[in-house]
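Q: Sharing a structure, written as structure tokens. Questions coming.
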Amino acid sequence: AQSVTQLDSQVPVFEEAPVELRCNYSSSVSVYLFWYVQYPNQGLQLLLKYLSGSTLVKGINGFEAEFNKSQTSFHLRKPSVHISDTAEYFCAVSAPIYNQGGKLIFGQGTELSVKP
Amino acid sequence: AAGVIQSPRHLIKEKRETATLKCYPIPRHDTVYWYQQGPGQDPQFLISFYEKMQSDKGSIPDRFSAQQFSDYHSELNMSSLELGDSALYFCASSLGSGHYEQYFGPGTRLTVT
Chain Z
241 AQSVTQLDSQ VPVFEEAPVE LRCNYSSSVS VYLFWYVQYP NQGLQLLLKY
291 LSGSTLVKGI NGFEAEFNKS QTSFHLRKPS VHISDTAEYF CAVSAPIYNQ
341 GGKLIFGQGT ELSVKP
Chain L
22 AAGVIQSPRH LIKEKRETAT LKCYPIPRHD TVYWYQQGPG QDPQFLISFY
72 EKMQSDKGSI PDRFSAQQFS DYHSELNMSS LELGDSALYF CASSLGSGHY
122 EQYFGPGTRL TVT
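Just so you know, the protein sequences line up as chains Z and L, in that order. Every letter in the first sequence is one number past the one before it in this note's numbering, and letter 83, counting from 1, is 323. Every letter in the second sequence is one number past the one before it in this note's numbering, and letter 87, counting from 1, is 108.
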């Protein structure tokens with residue numbers, strides 16, 4: 241079974257400052273890793289994913305994340321945030337479809353609040 | 022680009038009533054996932070279908086059932102509704118085998134009174 245822990249429930253930050261949202265996972269099998277963003281009263285939008293290959297992945301809206309297998313982490317970063325980045329961010333893992341059907345296991349979410 | 026469509030967007034039901042939620046995946050996507058997100062909670066996996074067959078099952082109550090039809094749309098049927106069923110229900114679709122990105126619909130907000 242897999243599990244995901246997002247280490248910060250809330251992250252307040254000033255506009256144009258850098259931000260890091262932390263995510264750790266545990267799994268007995270190889271997993272795929274994702275970050276989703278959820279704006280108020282909206283669905284989940286995929287920010288970026290790690291399936292294999294380069295451990296540094298770039299996503300939409302200037303976000304990037306680094307997969308660290310030894311530390312079982314997949315932290316999300318952005319060098320300069322905007323007010324419009326205020327949202328809930330979810331880290332998620334899935335096991336291969338042939339193994340466990342590909343369902344997503346989500347972390348508890350991190351509320352990013354960008355202040356002017 | 023076409024996205025996942027869910028209907029209705031909002032639904033209000035009373036306790037012990039039934040509800041049916043519909044999901045229309047992105048064209049050519051053959052896999053559908055259902056998730057439940059309670060207030061202030063992370064989404065929880067309910068059930069999934071691949072090529073019209075149930076592929077995985079999560080923490081879905083026995084009062085709930087779902088299926089995927091020949092046109093790949095899916096319906097989640099919920100009976101004997103309870104107050105605790107009030108939540109946002111998401112459907113996500115993917116291309117299935119070999120494709121792991123799931124694309125989420127806008128969700129159906131179910132309120133049970």
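Glycine included, every Cβ here is placed at the ideal spot set by N, Cα and C.
Which residues in the same chain as Ser313 of chain Z place their Cβ atom closer than 6 angstroms to its Cβ, once the five residues preceding and following it in sequence are excluded?
A: Counting from one through the first sequence, the residue named residue 313 of chain Z turns up at place 73. Cβ within range, chain order: Asn264.
Q: Say whether chain Z places a C-beta atom closer than 8 angstroms to the C-beta of Pro48 of chain L.
A: Numbered from 1 along the second sequence, position 27 holds the residue referred to as residue 48 of chain L. Not one chain Z Cβ lies under 8 angstroms of Pro48 of chain L.
Q: Could you name the residues of chain L that Phe346 of chain Z contacts, counting a contact when the two beta carbons are closer than 7 angstroms?
A: Within the first sequence, the letter at position 106 stands for residue 346 of chain Z. Here the neighbours are Asp63 and Pro64.
Q: Just how far apart, CA to CA, sit His94 of chain L and Leu247 of chain Z?
A: Residue numbering aside, residue 94 of chain L sits at position 73 when the second sequence is read from its first letter. Residue numbering aside, residue 247 of chain Z sits at position 7 when the first sequence is read from its first letter. Straight-line Cα distance between these residues: approximately 37 angstroms.
Q: Along the chain, where does the beta strand (DSSP E) containing Lys355 of chain Z start, and where does it finish?
A: Position 115 of the first sequence, counted from the start, is the residue given in the question as residue 355 of chain Z. That run of the beta strand (DSSP E) goes Thr350 to Lys355.
Q: Give the DSSP-derived three-state secondary structure of Leu291 of chain Z in the structure shown.
A: Numbered from its first residue, the first sequence carries residue 291 of chain Z at position 51. Here Leu291 of chain Z sits in coil by DSSP.
Q: Using C-beta distances below 6 angstroms, list every residue in its chain close to Val259 of chain Z, excluding the 5 sequence neighbours before and after it, in chain order.
A: For the purposes of this step, residue 259 of chain Z is identified with residue 19 of the first sequence, where counting begins at 1. Residues Val253, Lys318 and Val321 of the same chain have their beta carbon placed closer than 6 angstroms to that of Val259 of chain Z, with the five preceding and five following residues left out of the count.
Q: Any Cβ of chain L within less than 8 angstroms of the Cβ of Ser334 of chain Z?
A: By 1-based counting over the first sequence, the position of residue 334 of chain Z is 94. It does: the Cβ of Ser334 of chain Z has a partner Cβ on chain L nearer than 8 angstroms.
Q: So which residues on chain L does Leu291 of chain Z lean against when the C-beta distance must stay under 8 angstroms?
A: Here residue 291 of chain Z refers to the residue found at position 51 when the first sequence is read from its first residue. In chain order: Tyr121.
Q: Would you give the residue range spanned by the beta strand (DSSP E) that Glu306 of chain Z belongs to?
A: In the first sequence, counting from the first residue as 1, residue 306 of chain Z sits at position 66. Glu304 to Asn308 is the extent of the beta strand (DSSP E) around Glu306 of chain Z.
Q: Please list, in chain order, the chain Z residues whose beta carbon lies closer than 7 angstroms to that of Pro127 of chain L.
A: Within the second sequence, numbered from 1, the residue matching residue 127 of chain L stands at position 106. Under the 7 angstroms cutoff, chain Z gives Gln282 and Gly283.
Q: Going by beta-carbon coordinates alone, are Thr129 of chain L and Ser107 of chain L separated by less than 8 angstroms?
A: For the purposes of this step, residue 129 of chain L is taken as residue 108 along the second sequence, with counting starting at 1. For the purposes of this step, residue 107 of chain L is taken as residue 86 along the second sequence, with counting starting at 1. Result no, Cβ atoms of Thr129 of chain L and Ser107 of chain L do not sit closer than 8 angstroms.
Q: For Phe66 of chain L, I'd like the list of residues in its chain whose CB is within less than 8 angstroms of its CB, leaving aside the five on either flank, ordered along the chain.
A: Translated into the one-based positions of the second sequence, residue 66 of chain L becomes position 45. Closer than 8 angstroms at Cβ, skipping near neighbours: Tyr54, Trp55, Tyr56, Asp77, Gly79 and Ser80.
Q: Give me, in chain order, the residues of the same chain whose beta-carbon lies closer than 8 angstroms to that of Phe90 of chain L; leave out the 5 immediate sequence neighbours on both sides.
A: On the second sequence, position 69 is the one that residue 90 of chain L refers to. Closer than 8 angstroms at the Cβ level, and outside the excluded window around Phe90 of chain L, lie Lys73 and Glu96.
Q: Between Tyr290 of chain Z and Glu304 of chain Z, what straight-line distance do the alpha-carbon atoms span, to the nearest angstrom?
A: Residue numbering aside, residue 290 of chain Z sits at position 50 when the first sequence is read from its first letter. Residue numbering aside, residue 304 of chain Z sits at position 64 when the first sequence is read from its first letter. Spanning the two alpha carbons is a distance of roughly 10 angstroms.
Q: Can you list, in chain order, the residues of its chain with a C-beta nearer than 7 angstroms to that of Pro127 of chain L? Leave out the 5 residues immediately preceding and following it.
A: For the purposes of this step, residue 127 of chain L is taken as the residue at position 106 of the second sequence. Hits under 7 angstroms: Gln27 and Arg30.
Q: Ala40 of chain L and Leu116 of chain L - do their beta-carbons sit closer together than 8 angstroms?
A: Translated into positions along the second sequence, residue 116 of chain L becomes position 95. Translated into positions along the second sequence, residue 40 of chain L becomes position 19. Not in contact: Leu116 of chain L and Ala40 of chain L (Cβ atoms no closer than 8 angstroms).
Q: How long is the line joining the alpha carbons of Ser100 of chain L and Leu32 of chain L, rounded to whole angstroms?
A: Along the second sequence, one-based indexing puts residue 100 of chain L at 79. Along the second sequence, one-based indexing puts residue 32 of chain L at 11. About 14 angstroms.
Q: On the DSSP bridge assignment, give the partners of Lys176 of chain L in chain order.
A: Nothing about residue 176 of chain L can be read from this structure; chain L reaches only from 22 to 134.
Q: Give a yes or no on whether 8 angstroms exceeds the smallest Cβ distance from Phe85 of chain L to chain Z.
A: On the second sequence, position 64 is the one that residue 85 of chain L refers to. Taking Cβ atoms only, chain Z never reaches closer than 8 angstroms to Phe85 of chain L, which makes this a no.
Q: Name the chain L residues whose beta carbon is nearer than 7 angstroms to that of Lys343 of chain Z?
A: Position 103 of the first sequence, counted from the start, is the residue given in the question as residue 343 of chain Z. Correct list: Tyr54, Phe66, Ser69, Asp77 and Gly79.
Q: With a cut-off of 8 angstroms, does the C-beta of Phe330 of chain Z fall near any C-beta of chain L?
A: On the first sequence, position 90 is the one that residue 330 of chain Z refers to. Yes - at least one Cβ of chain L is within 8 angstroms of the one on Phe330 of chain Z.
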